[in-house]
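Engineer: Counting with this note's numbering, you get residues -9 to 169 for the letters of the sequence shown.
Glycine included, every Cβ here is placed at the ideal spot set by N, Cα and C.
Quick one: structure below, then a few questions.
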Amino acid sequence: KMEDDRNGGYSFVDEVPKELNCPICICVVREAYQSTCCGALYCDRPCLTKLESISNKCALCREELDCFEDKACNRRVRSLAVKCDRELCKWTGELGQLENHQCKAFAKCDRKYCQWTGELWELQQHQWNDCDSALLDCKGCCDKIRRDKFEVHIEHRCNGRTYTCVHCKTEGTYQFIVG
């Protein structure tokens, strides 16, 4: 299994031939350009641009750098088989089709009492911002309180909530005043 860290979310199904790796980023070439001196392949941006700005010499043979767009290599790379790495998604296809892939992997929240289900890409957003079963830290008492009970806790149950004595009108924490 080979992964391309620049895009993430997919893996190559088969081992990618080493000659398709850019010597600068060590990943499979994108927008391939080939050197006329030794046939080395480079990614157009940022790899080739970076190399040209540093030395203008081929990274493999050290000859003067002169490159041309390698359309045949680009077709070969776009035809490499990839698969979606998202859990529960079974999509496989050619790398050139990846941008059209609409991942429909489904997920469910694994928090106790939560019944949420949705697309996998929505799970993190749900758990961080919307899940009623998420435990939130109460700054008043340092307890962990479920999101759906948090408001009631802050207003009526937290010993660290602001409280005013009904008799003397002194203000402080509930625990200090009633204590």
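1. Are the region 120 to 134 and the region 147 to 163 touching by the rule of at least three beta carbon pairs closer than 8 Å?
2. For residue 53 and residue 27, which I take to be in contact (beta-carbon distance under 8 Å), what is that distance rounded to the nearest angstrom?
3. Going along the chain, which residues of its own chain have a beta-carbon closer than 8 Å to the beta-carbon of residue 68, five neighbours each way excluded?
4. Tell me whether residue 8 sits in a helix, a strand or coil according to DSSP, three-state version.
5. Indicate the three-state DSSP secondary structure (helix, strand or coil) for residue 67 in the structure shown.
6. Can you tell me the Cα-Cα spacing of residue -5 and residue 139, whole angstroms?
7. Over the uninterrupted alpha helix (DSSP H) stretch that includes residue 40, give me the two end residues.
8. If you run the structure through DSSP and keep just helix, strand and coil, what is residue 165?
9. Which runs of the alpha helix (DSSP H) fall wholly inside the region 121 to 159 and span at least 4 residues, in chain order?
10. Within 10 Å of its beta-carbon, does residue 0 have 16 or more other beta-carbons around it, so buried, or fewer, so exposed?
11. Would you mind stating whether residue 144 and residue 155 have Cβ atoms separated by less than 7 Å?
Structural biologist: Let me spell this out:
1. yes
2. 4 Å
3. 84, 85, 86
4. helix
5. helix
6. Low confidence applies here, because residue -5 scores a pLDDT of 43, under 50, leaving its location unreliable and the question unanswered by this model.
7. 39 to 44
8. helix
9. 137 to 142
10. buried
11. no
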